[in-house]
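Chains as they are written, first to last, in my numbering: chain S, 30 to 426; chain R, 418 to 474.
We put the CB at the ideal spot given by N, CA and C, even for glycine.
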């Protein structure tokens, strides 16, 4: 049976800890997904008296990584930022909106589910590696590169199921040492054409339990996780480029003041932001996939295009003159008297340009194309601060 | 089948429509979603009307 990608969706939920998968019950529309399981399977190149390259393959370290893209709306951004940055205490109310502060640090571990056809692929222990915020046709797009500690994609039966009164199944361990890892109580699995709701997932990593059911299946028959029926909350609009104000200043206060009004903000023609955790995939005993994901050096860059004005930008670049940058994206009003809005504020406390090009082409305006490195500001002990105002209480993160 | 939205949020389900927080809905569509719990397995079949049910004239 062919499967149409449009029937897919993104489901996610923060895990209570790094290693316990959860049924992801929060659904968002998905723009694109490309998450790969790199099994590092290669030809066995040992000398076996053959002139042919190999007679079998061998397994290597397994990694799960890739990216997905969604519209940058205030609801989904809360979770995306939560995966890549450390969230502080949320404040606010349903009437005014909730403010969620994020700072560089350890993001939460998530369980993600992205179905292919009628089958769900469940990634667990997912953390954000690189977040790219950019504008496509004026709409904010959030592309999050992730790494995961495991996935449940499919399994196969290790012991046959023989008809009436079946209450458990054991999965084969050829591919995965803990083949049931990723499944949760309440999941619907499909064995043959029989749908079974799990009532237990045993600690042995190979056994699942369910209420007595009649099911007949042979050893090696496939087991799949059934895709959920997605339920979407109120669909919010993404942030739009015309509602973005960017302020430059000697320090964060000056930059934030500059970003406050259209008159003092700097008009940019294009802007994109990349925030990186440079996650380390650490192998661990007892796990065929990576056991843990750790932040390494944190970094961020801003790329922008602006109209050429004076040679000032060129001079600042070569002389390494730093500036603080505040980017404020505003969305729809939240409070009934329109005094609070959906808002994303990114404060880069210190930045310097690492590239500044001003190419000329016939008939075209001169545009400065800049790559800006976000730096650590020793005077405030800060590098990047993000704040999000949306309609979701902090309890969902 | 009857499902209840236990998520605490208004949710829309494709094929069903908008289900308000804590509301119950009647549908023939199987909802495999942890935001919803099954309240009643399936619709009770209405008893077919027979000659005996007719009021005595």
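*Interface partners of residue 255 (chain S) on chain R, CB under 7 Å*: 449
*Report all residues from its chain with a CB closer than 6 Å to the CB of residue 51 (chain S); omit the five preceding and five following residues, and keep chain order.*
42, 44 and 140
*Along chain C, which residues have their Cβ under 7 Å away from the Cβ of residue 261 (chain S)?*
In the structure shown, chain C does not exist; the protein chains are S and R.
*Among S:108, S:231, S:380 and S:39, which one has its Cα closest to the Cα of residue 348 (chain S)?*
S:380
*Are the C-beta of residue 424 (chain R) and some C-beta of chain S separated by less than 8 Å?*
yes
*Continuous beta strand (DSSP E) assignments of at least 3 residues falling wholly in the region 221-286 of chain S*: 223-230, 236-246, 251-254 and 273-278
_From S:137, S:185, S:183 and S:346, residue whose alpha carbon lies closest to that of residue 26 (chain S)_ = It is not possible to answer for residue 26 (chain S), since the shown part of chain S is limited to 30 through 426.
*Among all the DSSP beta bridges, which residues are the ones paired with residue 191 (chain S)?*
S:245
*Determine the direct distance from the alpha carbon of residue 318 (chain S) to that of residue 91 (chain S), and round the result to whole angstroms.*
5 Å
*Quick check: the region 235-249 of chain S against the region 334-345 of chain S, are there 3 or more CB pairs under 8 Å?*
no
*Please determine, among S:57, S:47, S:105 and S:46, the residue with the shortest C-alpha to C-alpha distance to residue 35 (chain S).*
S:57
_Contact set between the region 52-68 of chain S and chain R, restricted to residues whose Cβ is under 7 Å from the partner_ = 52 and 54
*Return the bridge partner residues of residue 56 (chain S) from the DSSP annotation.*
S:40 and S:261
*asked:* According to DSSP, simplified to helix, strand and coil, what is residue 179 (chain S)?
replied: strand
*Helix, strand or coil: which one does DSSP assign to residue 432 (chain R)?*
coil
*For residue 393 (chain S), decide whether its Cβ has a neighbour in chain R, counting only Cβ atoms nearer than 8 Å.*
no
*Collapsed DSSP secondary structure at residue 138 (chain S) in the structure displayed*: coil
*With a cut-off of 8 Å, does the C-beta of residue 217 (chain S) fall near any C-beta of chain R?*
yes
*Secondary structure of residue 345 (chain S), DSSP reduced to three states*: helix
_Can you confirm whether residue 228 (chain S), when its beta carbon is compared against all beta carbons of chain R, has any partner nearer than 8 Å?_
no
*Write down the C-beta distance between residue 397 (chain S) and residue 305 (chain S) rounded to the nearest angstrom, noting that I regard them as a contact closer than 8 Å.*
At roughly 24 Å, the Cβ-Cβ gap does not stay under 8 Å, so residue 397 (chain S) and residue 305 (chain S) are not in contact.
*asked:* Would residue 287 (chain S) and residue 276 (chain S) be called neighbours here (beta carbons separated by less than 8 Å)?
replied: yes
*Which residue comes first and which comes last in the alpha helix (DSSP H) that contains residue 350 (chain S)?*
Per DSSP, residue 350 (chain S) belongs to no alpha helix (DSSP H) and is neither H nor E.
*Express the C-alpha separation of residue 144 (chain S) and residue 302 (chain S) in angstroms, rounding to a whole number.*
29 Å
*Three-way DSSP call (helix, strand, coil) for residue 35 (chain S) in this model*: helix
*Closer than 9 Å at the beta carbon, the chain R residues around residue 49 (chain S)*: What residue 49 (chain S) touches in chain R: nothing, since even the nearest Cβ is about 15 Å away.
*asked:* Can you give me the C-alpha to C-alpha distance between residue 419 (chain R) and residue 437 (chain R), rounded to a whole angstrom?
replied: 14 Å
*Starting from the C-beta of residue 387 (chain S), find all residues in its chain whose C-beta is less than 6 Å away, skip the five residues before and the five after it, and write them out in chain order.*
337, 395 and 397
*N- and C-terminal bounds of the alpha helix (DSSP H) containing residue 103 (chain S)*: 103-113
_Classify residue 430 (chain R): buried if its beta carbon has 16 or more other beta carbons within 10 angstroms, exposed otherwise._
buried
*Assigned secondary structure, residue 424 (chain S) (DSSP; H/G/I helix, E/B strand, else coil)*: helix
*Using DSSP with H/G/I as helix, E/B as strand and the rest coil, what is residue 297 (chain S)?*
coil
*Would you say residue 212 (chain S) and residue 417 (chain S) are within 8 Å of each other, going by their C-beta atoms?*
no
*asked:* Quick check on this structure: which residue in S:414, S:261 and S:282 has the alpha carbon closest to the alpha carbon of residue 132 (chain S)?
replied: S:414
*Could you confirm whether any beta carbon from chain R is found closer than 8 Å to the beta carbon of residue 258 (chain S)?*
yes
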